[in-house]
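Counting along the sequence shown from 1, when you hit position 259 you're at 265 in this note's numbering, and nothing is skipped either side. All residues carry an ideal CB built from backbone N, CA and C; glycine is no exception. Just so it is clear, the structure is predicted and the values come from calculations on it, not from any experiment. The next block holds one structure in the form of structure tokens; read it before the comments.
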Amino acid sequence: MSISKAIAPVAGLGTRLLPTTKVLPKEMLPVGRLPVIHHVVEELIAAGIRQILFVTAGNKGAIEDHFDEGSELMRRLEAEQHELLETCRFQYRDRGVEFFSVRQRIAPGQNKPAGTGDAVAAGEAFVGDEPFVVAFGDSIVRTRAGKPLLQRMIASHREHNSACTIGAYPVSDELVHHYGILIPETSNTTDSKLTGILEKPRPEQTTSRLAISARYIFSPDIFNRIRTTSPSSSGEIYLTDAIEALISAGEMVRAVCLSKDEKRCDIGNHLAYFQTFVDYALDDPEWGEQIRTYMQQKLTENRS
Ligand code: UTP
């Protein structure tokens, strides 16, 4: 069965990026010439996804507006400024791509959305009984050469008839305690069965350095696991806890690793966001060279 549906959770508060995210969703921050979520959507389309569900919250309407090709601005450009229209027309309808959205619930007694597991659960009716992709809207996986990660994950998911396939990448010792760390069964980390997940462990707790890369493929059984996952002390239901339950039940859960030509570009904190913006600005076809010269000048000035 081919995989054509994806859930993109975009309902989080983005508190690590305040004050920028007071009003602006972090998924709309510019990376090069496009907002983060636009890069994520193109990554999904390249993997064969045609129906995308945004799991949103009250202040995230700009995301739905961005993908509305019948907006007032688009109609005005069509009538008056055809050359500008081409810069913001992405032909989703012609490419067979449809967007949907659902609001994530706020759990009783809380004043924030109820966690990544709860966000995925909001897509249960949308995906029905098909396997589906989950792509967090605040991370881009950039592929410079070869078959992109999501395509390799989909192929692995089918080949092994897995319950869950997770995109993964190695991190340094100092970063282990920031991430969900995957424990592979063998030392082959290109595509390997997992025996556990540790949430933000200390580096001495595990020899694994394989972090989760914000991309997942699930078979619908994940919804039963999310339903039986207990909320954390802060009331959130974590997706990693539901995946841990799949592993404990003996289900096939695998990790497919990013290639040397791929990078996970995280937007969730200021340092990672600045680094990602610089990477994309340097690669801009029109201004990249000038940005490079500008940065070289700035570095020389700072040294003298
Ligand atoms: P994060 O784990 O980075 O959480 O979400 P956050 O709440 O957005 O950010 P901080 O920690 O307050 O800075 C990863 C992805 O999952 C979505 C977010 O929008 C982001 O794209 N998310 C997170 C939800 O959709 N719902 C949630 O309840 C939590």
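If we count the other Cβ atoms within 10 Å of its Cβ and call it buried at 16 or more, is serine 198 buried or exposed?
Within the sequence shown, the letter at position 192 stands for residue 198. Serine 198 should be labelled buried.
Could you tell me the distance, in whole angstroms, from the CA atom of tyrosine 279 to the CA atom of aspartate 71?
As a position in the sequence shown, residue 279 is number 273, starting the count at 1. As a position in the sequence shown, residue 71 is number 65, starting the count at 1. If you take the alpha carbons of tyrosine 279 and aspartate 71, they lie about 23 Å apart.
For glutamine 312, which residues does DSSP report across the bridge?
With the chain covering only 7 through 310, there is no way to say anything about residue 312.
Endpoints, the beta strand (DSSP E) within which isoleucine 146 is located
Position 140 of the sequence shown, counted from the first residue, corresponds to residue 146. That run of the beta strand (DSSP E) goes 145-149.
The beta strand (DSSP E) with isoleucine 218 in it runs from where to where?
The sequence position of residue 218 within the sequence shown is 212, counting from 1. Its beta strand (DSSP E) spans residues 216-224.
Quick check on this structure: which residue in Tyr185, His88, Pro15, Glu165 has the alpha carbon closest to the alpha carbon of threonine 122?
Taking the sequence shown and counting its residues from 1, the one referred to as residue 122 is at position 116. Ranking the options by Cα distance to threonine 122, first place goes to Pro15.
Look at the Cβ atom of valine 47, then the Cβ atom of arginine 158, and state whether they are nearer than 8 Å.
Along the sequence shown, one-based indexing puts residue 47 at 41. Along the sequence shown, one-based indexing puts residue 158 at 152. Result no, Cβ atoms of valine 47 and arginine 158 do not sit closer than 8 Å.
For asparagine 117 and alanine 53, the rounded distance between their alpha carbons
For the purposes of this step, residue 53 is taken as the residue at position 47 of the sequence shown. For the purposes of this step, residue 117 is taken as the residue at position 111 of the sequence shown. Roughly 35 Å separates the two Cα atoms.
Once you ignore the five residues that flank serine 225 on each side, which residues in its own chain have a CB closer than 6 Å to its CB?
For this step, residue 225 is matched to residue 219 along the sequence shown. Answer for serine 225: Pro137, Ala169, listed in chain order.
Inter-stretch contact (C-beta, 8 Å, three-pair minimum) for the stretch 218-233 and the stretch 169-182:
yes
Considering only the beta carbon of each residue, do threonine 201 and isoleucine 249 sit closer than 8 Å?
Within the sequence shown, the letter at position 195 stands for residue 201. Within the sequence shown, the letter at position 243 stands for residue 249. Taking 8 Å as the Cβ cut-off, threonine 201 and isoleucine 249 do not qualify as a contacting pair.
Locate the alpha helix (DSSP H) running through histidine 304, then write down its first and last residues.
As a position in the sequence shown, residue 304 is number 298, starting the count at 1. It should be noted that the sequence gives lysine, not histidine, for residue 304. Start and end: 294-309.
For proline 2, is the classification buried or exposed, using 16 other Cβ atoms within 10 angstroms of its Cβ as the cut-off for buried?
With the chain represented from 7 up to 310, any question about residue 2 goes unanswered, as that position is not in the structure.
If you compare alpha carbons, which of Leu204, Cys94, Lys28, Thr21 is closest to proline 41?
As a position in the sequence shown, residue 41 is number 35, starting the count at 1. Among Leu204, Cys94, Lys28, Thr21, the Cα nearest to that of proline 41 belongs to Cys94.
Is the stretch 59-71 touching the stretch 105-112 in the sense that three or more CB pairs, one from each, lie closer than 8 Å?
With contact defined as three or more Cβ pairs closer than 8 Å, the stretch 105-112 and the stretch 59-71 are in contact.
Please name the residue, chosen from Val29, Glu242, Val140, that lies closest to glycine 115 on a Cα-to-Cα basis.
Here residue 115 is taken as the residue at index 109 of the sequence shown, counted from 1. Ranking Val29, Glu242, Val140 by Cα distance to glycine 115 puts Glu242 first.
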